[in-house]
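Numbering follows this note's numbering, with no gaps: position 146 of the sequence shown is 146.
Take a look at the structure set out below.
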Amino acid sequence: MSNKRDYYEILGVNKDANPEDIKKAFRNLAPKYHPDRNPGNHEAEEKFKEIAEAYEILKDPEKRRMYDQFGHAAFQGGGSSGFNIDPFDIFSQFFGGDLGDIFGFRSSSSRMRNRKGEDLQIRLTLTLEEIATGVTKKVKIKKLIPCTHCDGSGVEPGAKIETCPSCEGRGVKRTVQRTFLGQIMTENICHVCEGEGKRASQNCAVCHGETRIRTDETLEVKIPKGVSNGNYLTLRGKGNIGKKKSEAGDLIVIIEEKPHKFFERHNEDVVCQLNITISEAVLGTKVQIPTLYGKVELSIPAGTQSETVIKLNNKGLPLLNSSRTGNQLVKIHVDMPTKLSSEEKDIFKRLSEIEKSKENHKGFIERLKEVFN
1 MSNKRDYYEI LGVNKDANPE DIKKAFRNLA PKYHPDRNPG NHEAEEKFKE IAEAYEILKD
61 PEKRRMYDQF GHAAFQGGGS SGFNIDPFDI FSQFFGGDLG DIFGFRSSSS RMRNRKGEDL
121 QIRLTLTLEE IATGVTKKVK IKKLIPCTHC DGSGVEPGAK IETCPSCEGR GVKRTVQRTF
181 LGQIMTENIC HVCEGEGKRA SQNCAVCHGE TRIRTDETLE VKIPKGVSNG NYLTLRGKGN
241 IGKKKSEAGD LIVIIEEKPH KFFERHNEDV VCQLNITISE AVLGTKVQIP TLYGKVELSI
301 PAGTQSETVI KLNNKGLPLL NSSRTGNQLV KIHVDMPTKL SSEEKDIFKR LSEIEKSKEN
361 HKGFIERLKE VFN
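So, in structure tokens, the structure goes:
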């Protein structure tokens with residue numbers, strides 16, 4: 001169970017709040033807890049992130065519907081906290097700038113923040129046998145790593161670091177607009193130095209100042225038993241590295257099931273079809289039948305009817321994160337012959353005569369055994 005606080009409680013609104021109420025709550029709360037207004041206050045920063053996350057979910061009708069139905073579980077591993085939600089971006093998009101833009105002072109967060117690297121996503125196809133037992137798979141991905149030539153700085157080794165001529169070292173470009181309300185001053189990150197206030201006299205010859213290069217990497221992914229189609233695993237820090245060696249993104253591994261030639265999955269149970277002859281159905285038989293864990297001997301009792309289902313306990317799939325295991329259900333189909341040899345016709349004629357005999361009151365199974373014996 002998630003230990004996260006309720007999003008409605010965070011914003012201080014009722015569950016039937018309309019979109020305008022949600023916007024108003026965010027407008028009042030976000031500036032109050034913004035890190036630039038509370039420097040060094042870790043608790044306020046966490047509160048700010050919490051408010052931004054709650055607003056990001058509740059402002060979107062589809063995300064809000066999912067949250068109302070499933071709670072925080074709707075976004076586990078790949079939801080609001082599974083992918084990159086930047087509370088500062090949410091704030092800027094809502095207010096049209098950073099805190100410094102709004103109140104007219106220079107904001108530390110209006111400089112470039114070392115953003116987390118991008119998440120990567122791959123699809124991994126598994127057989128039912130692999131899902132039944134769990135498996136470790138090797139996967140090859142293309143990802144961004146720090147440039148090996150400049151050690152992720154983006155600067156050509158030996159190059160000089162100079163004050164940015166565009167922003168004169170401030171990291172931001174300031175503009176003043178005249179409106180009927182008076183002068184409004186805004187600050188935007190300098191696109192030349194990306195908010196750092198300085199730049200290299202020569203960018204790295206390999207990454208051209210981007211600080212990252214693309215490479216192939218092979219990873220081992222441990223898949224637990226019992227996963228289903230559409231389940232996914234999040235490998236923290238295995239995605240692209242952020243610029244200038246900031247935090248790496250995650251690798252999202254989405255599970256896909258390979259169709260099986262013999263089994264059909266129904267949650268944790270597996271179903272298979274078995275064709276038998278009339279004589280096997282009447283007299284009973286034993287057959288070798290495959291399971292996800294190897295072959296077993298299946299006893300088919302005498303008199304088995306077509307469409308009968310025989311259950312093999314604990315031969316299905318394990319339930320994810322549980323000690324429970326499903327069953328294998330074997331559906332029997334009795335084949336009706338369409339062409340008979342002369343010998344087979346004689347046998348069935350003899351059986352027909354026995355069935356018609358009023359003197360013989362034995363059951364059908366006993367009479368058929370007499371014919372074949």
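Where a beta carbon is used, it is the ideal one built from N, C-alpha and C, also for glycine.
For PRO290, there is no enclosing alpha helix (DSSP H); the residue is part of the beta strand (DSSP E) that begins and ends at 285-291. Taking all protein chains in view, the Cβ of GLN202 is surrounded by fewer than 16 other Cβ atoms within 10 Å, so the residue is classified as exposed. Under the three-state reduction of DSSP output, GLU344 falls in the helix class. With respect to the C-alpha of ARG236, the residue from HIS34, GLY117 and GLU194 having the closest C-alpha is GLY117.
Nearest to LEU312 by alpha-carbon distance, out of GLU268, ARG37, THR136 and VAL176, is GLU268.
LYS258 places its beta carbon 9 Å or farther from that of THR211. Fewer than three pairs of CB atoms, one per stretch, sit closer than 8 Å, so the stretch 265-283 makes no contact with the stretch 192-208. Rounded to whole angstroms, the separation of the alpha carbons of GLU162 and ASN188 is 20 Å.
Using a C-beta cut-off of 8 Å, the stretch 131-147 makes no contact with the stretch 299-310, since fewer than three inter-stretch Cβ pairs fall below that distance.
Inclusion of PHE26 and LYS4 in the CB contact set at 9 Å is not warranted, their separation being larger than that value. Rounded to the nearest angstrom, the gap between the Cα atoms of LYS339 and ASN314 is 39 Å.
Contact check between the stretch 342-361 and the stretch 270-277: fewer than three CB pairs, one atom from each, fall below 8 Å, which does not count as touching. The continuous alpha helix (DSSP H) containing GLU43 extends over residues 42-58. Here GLU50 really is in contact with ILE10; their C-beta atoms are around 5 Å apart, less than 8 Å.
DSSP, reduced to helix, strand and coil, places ALA25 within a helical segment of the structure shown. Contact between the stretch 145-161 and the stretch 212-219 is present: three or more C-beta pairs spanning the two stretches fall below 8 Å.
Taking C-beta separations shorter than 8 Å and ignoring five residues to either side along the sequence, the partners of GLN288 in its chain run LYS295, VAL296, GLU297 and LEU298, following chain order. Secondary structure note for GLN305: it is in no beta strand (DSSP E), with a DSSP letter that is neither H nor E.
Approximately 7 Å separates the beta-carbon atoms of ILE255 and GLY230; this is inside 8 Å, confirming the contact. In the same chain as GLY12, and ignoring 5 residues on each side of it, the C-beta atoms closer than 8 Å to its own belong to ALA25 and LEU29, in chain order.
Annotation: ILE241 is outside any beta strand (DSSP E) and is labelled neither H nor E by DSSP.
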